[in-house]
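Residue numbering for the sequence shown follows our numbering, beginning at 9 and increasing consecutively.
Each residue gets a CB set at the ideal place from its N, CA and C atoms; glycine is no exception.
Model, not experiment: these values are computed from the prediction.
One structure is given below, encoded as structure tokens.
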Amino acid sequence: RRLNCSVIFVLVVLSACLVIFTGYLYGNRLNKYVHHYEGLSYNTYEIHDKHLRAKRALHHQDAFLHLDFHAHGRHFNLRMKRDTSLFAEDLKVSVGGQEVNYDTSHIYTGEIYGEKGTLSHGSVVDGKFEGFIQTYQGKFYVEPAERYLKDRDVPFHSVIYHEDDITGVPRVVKKVSSVPVLLRKRRMAQIEKNTCQLFIQTDHLFFKYYKTREAVIAQISSHVKAIDAIYQGTDFMGIRNISFMVKRIRINTTTDERDRSNPFRFANIGVEKFLELNSEQNHDDYCLAYVFTDRDFDDGVLGLAWVGAPAGSSGGICEKSKLYSDGKKKSLNTGIITVQNYASHVPPKVSHITFAHEIGHNFGSPHDSGSECTPGESKAQDKKEKGNYIMYARATSGDKLNNNKFSVCSVRNISQVLEKKRGSCFVESGQPICGNGLVEPGEECDCGYSDQCRDQCCYDAGQPDNRKCKLKPNKVCSPSQGLCCTPECFYKGRNEKCREESECAHQGMCNGGTAQCPTSEPKANFTACHGETQVCLNGGCSGSICEKYGLEVCTCVSVEGKDETDELCHVCCGEKSESCLCVCCRLRSLYPKERERYSLNRIPDINILF
């Protein structure tokens, strides 16, 4: 069958598929949702040894795990420490119905060293980091390559991609309205309580996909960390710093598929029934109780949750088990999410937003409606470009300005529910940890404990409460605050270099007035980077070279007789079209000048296909 359109391909053959340093590769499409990625092949044995040292560390300095690699045209120097903030001190973990002694030492949080305001969070299992890295140029996600490239022999163990390379997922999220109750009590709110404790269960299909309990707990951690950042960053009409903490985890393994006491053992369960099975358990000890699964629900549904209300109905945060008019006792402080959508697994970013959306229902927000709260439907281009908010009823891929925010409509609704209900089950939040080497809210500096602190500017963590993690008298700054502070506690001079130049950003220069290294000036958009396979966008090497020519990335089609894995070293571009697919056809160049220039001066082997 002949397509009624012309399709143009630019096939760029990389001259160095196996790159020293970290051995990264350019790849076209990871799955139908991630259209660009790179491979990582740093030394996992070395990272595993570093993890073991950090796990058994007796000294402050040894507790940090350092991970260095190069990807997307920049260097990543991660400095991370074990993160226990997401788990309650009395955390209970059960696997296969048996409670186990389990530590969460493989969960890490940190930053890109020398880049204040960045954030890294994830896990280290068998020497491989999985998680996300928040930079000034957006968020990057790192996952095991085997999760996507199971049957391919590739020279890398992990993949990394930028949030802008995630295409829209047809996310369908539902809400369940409240049902009549037989008994209801009114409770007062307490302002100092701002942490919602969670019970997270995972079914056997979720375990089957992620394979180990360490990987399952890492997924739980990444989801909770993501929603924690969203809710803590939202001012709910004066109620601030809403956070989350996991109090209990139950992991159903593949053997639980045959356990008659496991309500989630059946393969074919509709989404409403799946939520009901969760609700039929008693969850009085928790603010919310969720089940994570890997099921392809009908109509592409990714999540379902009960909607909270300030009064007059049941459902949402802090609800207790009650007898309802159908004769069953239920806990309606529940929800479910799945990581599968139309036979493909959704990227973590989409799953994180889905989780935030469902919990938004539990907190009292219905779906956004009206022009004020659905700007993505606006005819005004400036509003439309910002996208819709978290509680929009249909898909948000997370790449628009508003996708990670609550609308004013949601804020109003959630604020009312928090005011009425949080006093009944929320707990006081934990405080920043002075001594972990990271300058956190409420701290002026953090040089560690007395046996490791070599900073004459900052009081160490062993000092009294009114002094620890504070600047000493007459000291302007501390090196722990950033690279633009001298060991003598003064700001470095203007134009003193604090960050090396990258492919897409100029070198960072101190400004003489802050300890943090200021954001580097980005190089011109569409500057070629990463071996001429990508372009710079807003200071990051995140766009495809196709964008430079007004084209879009397409899946490379193997030339007859060639191994499909060869296509991992190719970039294919096609004309933007709504009605036709990108298909490799005959050789032809519509850009002969560019072809000649690239062939002679930059890339030794390039073909343009259409």
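### Query
Quick one: Cα of D1 to Cα of S373, how far?
Since the first residue shown for the chain is 9 and the last is 618, residue 1 is missing from the structure and cannot be characterised.
### Task
Just list the beta strand (DSSP E) runs in the segment 423–468, keeping only unbroken ones of 3 residues or longer that don't cross its boundaries, in chain order.
none
### Task
Determine the DSSP secondary structure at G368, reduced to helix, strand or coil.
Locating residue 368 in the sequence shown gives position 360, counting from the first residue. Three-state result, G368: helix.
### Query
Expressed to the nearest angstrom, what Euclidean distance is found between the alpha-carbon atoms of P449 and C465?
In the sequence shown, the residue the question calls residue 449 occupies position 441. In the sequence shown, the residue the question calls residue 465 occupies position 457. The alpha-carbon atoms of P449 and C465 are separated by roughly 18 Å.
### Cα-Cα separation between C204 and E555, rounded to whole angstroms
For the purposes of this step, residue 204 is taken as the residue at position 196 of the sequence shown. For the purposes of this step, residue 555 is taken as the residue at position 547 of the sequence shown. Taking the straight line joining both Cα atoms gives about 44 Å.
### Query
Where does the unbroken beta strand (DSSP E) through H255 begin, and where does it stop?
As a working mapping, residue 255 is identified with position 247 in the sequence shown. According to the sequence shown, residue 255 is Lys rather than His. K255 -> beta strand (DSSP E) spans 251–259.
### Assigned secondary structure, P356 (DSSP; H/G/I helix, E/B strand, else coil)
As a first step, residue 356 must be located in the sequence shown, where it is residue number 348. Note: P356 maps to helix in three-state DSSP.
#### Entry: Residues near R9 by beta carbon distance below 7 Å, same chain, minus five either side
Numbered from its first residue, the sequence shown carries residue 9 at position 1. Residue confidence is low: R9 scores 40 on pLDDT, short of 50, so the model does not pin down where it sits. Its coordinate-derived value is still stated next. If we look at R9 and ignore the five residues flanking it on each side, it has no Cβ neighbours.
### Task
Return the Cβ separation of P526 and N519 in integer angstroms, given the expectation that the two are a contact with Cβ distance under 8 Å.
As a first step, residue 526 is located in the sequence shown; it is residue number 518 there, counting from the start. As a first step, residue 519 is located in the sequence shown; it is residue number 511 there, counting from the start. Going by Cβ atoms, the distance from P526 to N519 rounds to 5 Å, so yes, they are a contact pair.
### Message
Only counting the same chain, and skipping five residues up and downstream in sequence, which positions put a Cβ closer than 7 Å to that of V447?
### Response
Taking the first residue of the sequence shown as position 1, residue 447 is located at position 439. Closer than 7 Å at Cβ, skipping near neighbours: C453, D454, S488, Q489.
#### Entry: Closest residue to I228 among G548, C493, V254, S550 (Cα-Cα distance)
Along the sequence shown, read from residue 1 onward, the residue named residue 228 stands at position 220. Nearest C-alpha to I228: V254.
### Message
If I measure Cβ to Cβ from Y294 and keep anything under 8 Å in the same chain, skipping five residues before and after, which residues do I get?
### Response
For this step, residue 294 is matched to residue 286 along the sequence shown. Closer than 8 Å at Cβ, skipping near neighbours: Q205, L206, F207, K255, R256, N341, C433.
### Task
Please state whether DSSP places V484 in a helix, a strand or coil.
On the sequence shown, residue 484 is found 476 positions in, with the first residue counted as 1. If DSSP states are grouped into helix, strand and coil, V484 belongs with coil.
### Query
Would the beta-carbon of N412 fall within 9 Å of that of I238?
As a first step, residue 412 must be located in the sequence shown, where it is residue number 404. As a first step, residue 238 must be located in the sequence shown, where it is residue number 230. Yes, the pair counts as a contact, with Cβ atoms nearer than the cut-off.
### Query
Looking only at C-alpha atoms, which of A319, V108, G501 sits nearest to Q424?
If you number the sequence shown from 1, residue 424 lands on position 416. Minimum Cα distance to Q424 is reached at A319.
### Query
Between which two residues does the alpha helix (DSSP H) containing Q227 stretch?
Position 219 of the sequence shown, counting from 1, holds the residue named residue 227. 221–240 is the extent of the alpha helix (DSSP H) around Q227.
### Message
Helix, strand or coil for Q209? Go by DSSP, reduced to three states.
### Response
Against the sequence shown, residue 209 aligns to sequence position 201. Correct three-state label for Q209: strand.
### Endpoints, the alpha helix (DSSP H) within which Y1 is located
What is shown of the chain runs 9 to 618, which leaves residue 1 out entirely.
### Task
Taking V347 and S359 to be in contact with their CB atoms under 8 Å, please state how far apart those CB atoms are, rounded to whole angstroms.
Within the sequence shown, the letter at position 339 stands for residue 347. Within the sequence shown, the letter at position 351 stands for residue 359. Contact holds; Cβ gap of about 5 Å.
### Message
Using DSSP's beta-bridge definition, name the partner residues of L73.
### Response
Translated into the one-based positions of the sequence shown, residue 73 becomes position 65. Per DSSP, M88.
### Task
Check E327 in the structure and name its three-state DSSP category.
Taking the first residue of the sequence shown as 1, we reach residue 327 at position 319. Coil, per DSSP.
### Message
Tell me the DSSP secondary structure of Q142 in three-state form.
### Response
Locating residue 142 in the sequence shown gives position 134, where the first residue counts as 1. It is a strand residue.
### Query
Helix, strand or coil for I553 per DSSP?
Locating residue 553 in the sequence shown gives position 545, where the first residue counts as 1. Looking at I553 - three-state DSSP - the assignment turns out to be helix.
### Query
Run through DSSP, which three-state label would F214 get?
Translated into the one-based positions of the sequence shown, residue 214 becomes position 206. Looking at F214 - three-state DSSP - the assignment turns out to be helix.
### Message
Please state whether the Cβ-Cβ distance between L559 and E540 is less than 9 Å.
### Response
On the sequence shown, residue 559 is found 551 positions in, with the first residue counted as 1. On the sequence shown, residue 540 is found 532 positions in, with the first residue counted as 1. No, the Cβ-Cβ distance between L559 and E540 is not below 9 Å.
#### Entry: CB of N410 within 9 Å of CB of R402, strictly
On the sequence shown, position 402 is the one that residue 410 refers to. On the sequence shown, position 394 is the one that residue 402 refers to. Not in contact: N410 and R402 (Cβ atoms no closer than 9 Å).
### Task
Report whether the distance from the Cβ of E222 to the nearest heavy atom of the ligand FAD is below 8 Å.
The model on display carries no ligand, and the ligand FAD is accordingly not part of it.
### Query
Using 9 Å as the limit for Cβ to Cβ distance, is H360 near chain C?
The structure shown contains no chain C; it holds only a single protein chain.
### Query
Which residue's Cα is closest to the Cα of Q515: H83, K58, H56?
Along the sequence shown, one-based indexing puts residue 515 at 507. Nearest of H83, K58, H56 to Q515, Cα basis: H83.
### Query
Rounded to whole angstroms, how far is the Cβ of L38 from the Cβ of Y218, which I believe are closer than 8 Å?
By 1-based counting over the sequence shown, the position of residue 38 is 30. By 1-based counting over the sequence shown, the position of residue 218 is 210. Not really, about 17 Å apart at Cβ, beyond 8 Å.
### Query
Excluding the five sequence neighbours on either side, which residues of its own chain have a C-beta within less than 6 Å of the C-beta of Y400, listed in chain order?
As a working mapping, residue 400 is identified with position 392 in the sequence shown. So the qualifying residues of the chain are D376.
### Task
Compute the distance between the beta-carbons of H80 and V561, then report whether it is under 9 Å.
The residue given as residue 80 occupies position 72 in the sequence shown. The residue given as residue 561 occupies position 553 in the sequence shown. Cβ distance not < 9 Å, so H80 and V561 don't count as in contact.
### Query
On the three-pair Cβ rule with 8 Å, is the segment 469–478 touching the segment 492–512?
no
### Message
Does F274 pass the burial test, meaning 16 or more other C-beta atoms within 10 Å, or should it be called exposed?
### Response
As a first step, residue 274 is located in the sequence shown; it is residue number 266 there, counting from the start. Classification of F274: exposed, given that the 10 Å Cβ count is below 16.
### Backbone secondary structure at C506 - three-state DSSP
Locating residue 506 in the sequence shown gives position 498, counting from the first residue. DSSP places C506 in strand when its eight states are reduced to three.
### Query
Whose CA, out of D91, G146, G104, K136, lies closest to the CA of C544?
On the sequence shown, residue 544 is found 536 positions in, with the first residue counted as 1. When only C-alpha atoms are compared, the closest one is G146.
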